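Just so we're aligned, residue 378 is where the sequence shown starts under our numbering, counting upward by one. C-beta atoms are modelled at their ideal positions from N, C-alpha and C, and glycine is treated no differently. None of the values given here were measured: they were computed from a predicted structure. Here is the structure we will look at, set down as structure tokens.
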Amino acid sequence: MTVVSVKDRIVNAVTRLSADEERLISSLRKVAHWGKSIAPARGYRDQCARLEWAIDNDHASIGLVRRMVAGCNENCMRSVARLFVEHTWEGYRRRQRFEAEHGIGVPSFIVISPLARCNLNCVGCYAGAYGDKEPFLSYEDMERLVDEARGWGGRFVTITGGEPTMFWERFPGDSRGLRDFFRQYADTMFLMYTNGTLIDDEMAAEMAELGNVSPAISVEGFREQTDERRGEGVFDKVMAAMDALREHRVMFGASVTYTSRNWQTVTTDEFLDMLIDRGCMYTWYFMYVPVGRAPDLSLVVTPEQRAEVARTTWRWLNTRPIFVADFWNSGAITKGCIAAGTSGGYMHITHRGDICPCVFMMYSAHNIHDTDSDTPLLDAIQSDFFANIREGQRDKQNNPLAPCQIVDHPEVLKAAVEATAAHDTQEGQLILTDLHEEVAERAEQWREIADEMWTQSGVYAGFRDTYSDDGWLLPG
Ligand code: SF4
């Protein structure tokens, strides 16, 4: 007789519930009502209170829940339910143990770039023009990283690149590919950034069957903007990929890089409506930052344009049935920067094995290939370099809308790199050298705008209250 664990029973029950939107929403409300009083941590209690409020006020996020029930198959909903149960239950206990043992918080997820190769050559891509000779992470390297993160309760992994679907069927020299990897770690959720051009009906069907991989497809606007940056014909391929994923009821989203050229297009309601109509459940907005090879300052948005994007994405978050995350401007939600393995944050492992504080912070003092350690990620978290970055997060930031040591406090990153053994992980970077002065000047302009937004705007009032005892900038 098969014995089903309590945890699996809960996952099964939540998955069954997710087939009926009214029962799901009324059950979520009961859990939120109960959790806002008795959840073990303040963060959970606040989230429960917010969820209860959202349901009672039919907030846009509840519209998203309804869309997910209609648009995602049972395997995807099971993976979401499992992530929720694992994170709040087993994950919570593991995180408590980790903190007690090591005296530092636990990152919530890791980002892995198995390869730098790509079938496209987009303007301004930080991955740059790597050739086929670049190293890549093997299947075993990936196992080593994910196993370590799972040891501290991590059940969420982001895969990026290069173009990860190039390894979908098999890693070079291996009979196994990413699809096998996702199947092997069936209780872990994978967000996979992709240009979408290799996703056909067959791959979409495999993703639907797996349920635990959610592709976030790059799109830069409508046909004109996408093809301008990514190459002719790419927009049509992206739309075809989205259609295939929608037909197979895979949970998927979009990834938008905004630059001085396309920011006006990607902040129109028409653009967001197109993503919703195509079936996207979420979209990530990334500001172009001049890192990596051949950085182009002319593509960087001005501080005023950044503020306009921030206002738009925040409005959408509260009015549209799609999850909108603006990576640099959503710092109010994450309480600032999440780099360097900070508690609840993350770190990035490159295709060469370098462990970096953040995807966009391309410096490292640890490489997984240079150590036999069973815990290379923990070693990096405890390193002087990561500690310096985390110290900078605590000491130098007083506004979660200007959280970044790359573009908002570049002098902090420069000092951390110079004070430790960290090295460039990409040749040709200029952000701490030739571009430093210009980036610092823009950072100062942005901080002025961000200070006003954070202290004066009513939309951040709830967060100001929650953070009021933590040394953040306050009104007046
Ligand atoms: S370093 Fe900057 S880009 Fe990276 S997580 Fe922190 S705020 Fe975001």
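To the nearest angstrom, how far is the alpha carbon of Lys614 from that of Thr542? The sequence position of residue 614 within the sequence shown is 237, counting from 1. The sequence position of residue 542 within the sequence shown is 165, counting from 1. Each residue's alpha carbon lies about 14 Å from the other.
Measuring straight from C-alpha to C-alpha, what distance separates Thr797 and Leu809? Residue mapping note: residue 797 aligns to position 420 of the sequence shown, counting from 1. Residue mapping note: residue 809 aligns to position 432 of the sequence shown, counting from 1. Between Thr797 and Leu809, the C-alpha separation is close to 15 Å.
Give a single yes or no on whether Cys781 has its beta carbon closer than 7 Å to a heavy atom of the ligand ZN. In terms of ligand content, the structure shown lacks the ligand ZN and carries the ligand SF4 instead.
Rounded to a whole number of angstroms, what is the C-alpha to C-alpha distance between Ala709 and Gly550? Position 332 of the sequence shown, counted from the first residue, corresponds to residue 709. Position 173 of the sequence shown, counted from the first residue, corresponds to residue 550. Straight-line Cα distance between these residues: approximately 44 Å.
Can you tell me whether Ser490 is buried or exposed? The criterion is at least 16 other CB atoms within 10 Å of its CB, across all chains shown. Within the sequence shown, numbered from 1, the residue matching residue 490 stands at position 113. Buried is the call here.
Evaluate Leu851 with the Cβ neighbour count: other Cβ atoms within 10 Å of its Cβ, from every protein chain shown; 16 or more gives buried, anything less gives exposed. What you label residue 851 is simply residue 474 of the sequence shown in a count that begins at 1. So Leu851 counts as exposed.
Taking only three categories from DSSP, how would you classify Asp801? Mapped onto the sequence shown, residue 801 falls at position 424. Judged by DSSP in its simplified three-state form, Asp801 adopts strand.
Around the Cβ of Asp731, are there at least 16 other Cβ atoms within 10 angstroms (buried) or fewer (exposed)? Within the sequence shown, the letter at position 354 stands for residue 731. By the 10 Å Cβ count, Asp731 comes out buried.
What ranges does the beta strand (DSSP E) occupy inside the segment 583-639, keeping only unbroken runs of at least 3 residues that lie completely in it? 590-595 and 630-635
Flag this pair as touching only if the segment 517-530 and the segment 410-430 have three or more C-beta atom pairs under 8 Å; answer yes or no. no
Which partner residues does His857 have in the DSSP bridge list? Residue 857 lies beyond the stretch modelled for the chain, which goes from 378 to 853, so this question has no answer here.
Helix, strand or coil: which one does DSSP assign to Ala702? For the purposes of this step, residue 702 is taken as residue 325 along the sequence shown, with counting starting at 1. The answer is strand: DSSP assigns Ala702 an E or B state.
Residues near Asp433 by beta carbon distance below 7 Å, same chain, minus five either side: Position 56 of the sequence shown holds residue 433. Closer than 7 Å at the Cβ level, and outside the excluded window around Asp433, lies no residue.
Distance CB(Pro592)-CB(Phe629) smaller than 8 Å: Sequence index remark: in the sequence shown, residue 592 carries index 215 (1-based). Sequence index remark: in the sequence shown, residue 629 carries index 252 (1-based). Note that the C-beta distance between Pro592 and Phe629 is below 8 Å.
With Ala891 and Val627 assumed to form a contact (beta carbons below 8 Å), what rounded beta-carbon distance in angstroms separates them? Residue 891 cannot be examined here, being either before or after the span of the chain that is shown, 378 to 853.
Leaving out five residues before and five after Ala631 in sequence, what residues of the same chain have Cβ atoms less than 7 Å from its Cβ? Numbered from 1 along the sequence shown, position 254 holds the residue referred to as residue 631. So the qualifying residues of the chain are Ala593, Ile594, Val596, Leu652, Cys657 and Thr660.
Whole angstroms are fine: how far does the CA of Val677 sit from the CA of Gly835? Sequence index remark: in the sequence shown, residue 835 carries index 458 (1-based). Sequence index remark: in the sequence shown, residue 677 carries index 300 (1-based). Looking at the two C-alpha atoms, the distance is approximately 28 Å.
Which stretch, first to last residue, makes up the alpha helix (DSSP H) that contains Leu441? Taking the first residue of the sequence shown as 1, we reach residue 441 at position 64. Start and end: Ala437 to Gly448.
For Ala793, tell me which candidate among Ala437, Glu768 and Phe663 has the shortest Cα-Cα distance. On the sequence shown, residue 793 is found 416 positions in, with the first residue counted as 1. Checking every option, the nearest Cα to that of Ala793 belongs to Glu768.
Thinking C-beta only, is Leu405 closer than 8 Å to Phe700? Position 323 of the sequence shown, counting from 1, holds the residue named residue 700. Position 28 of the sequence shown, counting from 1, holds the residue named residue 405. The answer is no: Cβ separation not under 8 Å.
In whole angstroms, what separates the C-alpha of Gly468 from that of Met616? Taking the sequence shown and counting its residues from 1, one reaches residue 468 at position 91. Taking the sequence shown and counting its residues from 1, one reaches residue 616 at position 239. Those two C-alpha atoms are separated by around 37 Å.
For the candidate residues Ser750, Ile758 and Asn389, whose alpha-carbon lies nearest to that of Ala327? The structure shown does not extend to residue 327, since the chain is modelled only from 378 through 853, so no value can be given for it.
Pull up the distance between the alpha-carbon of Val457 and that of Thr752, whole angstroms please. Sequence index remark: in the sequence shown, residue 457 carries index 80 (1-based). Sequence index remark: in the sequence shown, residue 752 carries index 375 (1-based). Rounded to whole angstroms, Val457 to Thr752 spans 28 Å at the Cα level.
Are the CB atoms of Phe558 and Asn589 within a distance shorter than 8 Å? Along the sequence shown, read from residue 1 onward, the residue named residue 589 stands at position 212. Along the sequence shown, read from residue 1 onward, the residue named residue 558 stands at position 181. For Asn589 and Phe558, no; Cβs fall outside 8 Å.
Three-state secondary structure assigned by DSSP to His743: Working through the sequence shown from its first residue, we reach residue 743 at position 366. Strand.
Would a C-beta distance cut-off of 8 Å place Val687 and Gly805 closer than the cut-off? If you number the sequence shown from 1, residue 687 lands on position 310. If you number the sequence shown from 1, residue 805 lands on position 428. Note that residue 687 is Ala in the sequence shown here, rather than Val. Their beta carbons are not under 8 Å apart, which means Ala687 does not touch Gly805 by this criterion.
Within a Cβ cutoff of 6 Å, which residues of the same chain sit near Phe762, ignoring the five residues on either side of it in sequence? The residue you call residue 762 lines up with position 385 of the sequence shown. So the list reads Ala742, Thr797 and Ala799, once near-sequence residues are dropped.
Please report the distance separating the alpha-carbon of Pro667 from that of Ile536. Locating residue 667 in the sequence shown gives position 290, counting from the first residue. Locating residue 536 in the sequence shown gives position 159, counting from the first residue. So the two alpha carbons sit approximately 22 Å from each other.
Would you mind listing the beta strand (DSSP E) stretches within the segment 533-565 that are 3+ residues and don't spill past its ends, in chain order? 533-536
Where does Phe475 sit, in a helix, a strand or coil, going by DSSP? Numbered from its first residue, the sequence shown carries residue 475 at position 98. In this structure, Phe475 counts as helix in the three-state DSSP scheme.
Within the same chain, show all residues whose beta-carbon is closer than 6 Å to that of Arg422, passing over the 5 residues directly before and after it, in chain order. Your numbering for residue 422 matches position 45 in the sequence shown. Result list for Arg422: Lys413 and Ala416, in chain order.
Let's test the definition: count the other Cβ atoms within 10 Å of the Cβ of Gln833 and tell me whether it reaches 16, buried, or not, exposed. Here residue 833 refers to the residue found at position 456 when the sequence shown is read from its first residue. Exposed, because fewer than 16 other Cβ atoms sit within 10 Å of the Cβ of Gln833.
How is the beta strand (DSSP E) around Tyr516 delimited, first residue to last? Here residue 516 corresponds to residue number 139 of the sequence shown, with the count starting at 1. Premise fails: Tyr516 lies in the alpha helix (DSSP H), Tyr516 to Gly528, not in any beta strand (DSSP E).
Under 8 Å, do Val488 and His725 count as touching if we go by C-beta distance? On the sequence shown, position 111 is the one that residue 488 refers to. On the sequence shown, position 348 is the one that residue 725 refers to. Result yes, Cβ atoms of Val488 and His725 sit closer than 8 Å.
How far does the alpha helix (DSSP H) with Trp823 in it extend, from its first residue to its last? Counting from 1 along the sequence shown, the entry for residue 823 is found at position 446. Unbroken alpha helix (DSSP H) run through Trp823: His813 to Gln833.
Cβ of Phe737 within 7 Å of any heavy atom in the ligand SF4? On the sequence shown, residue 737 is found 360 positions in, with the first residue counted as 1. Correct: Phe737 has its Cβ closer than 7 Å to the ligand SF4.
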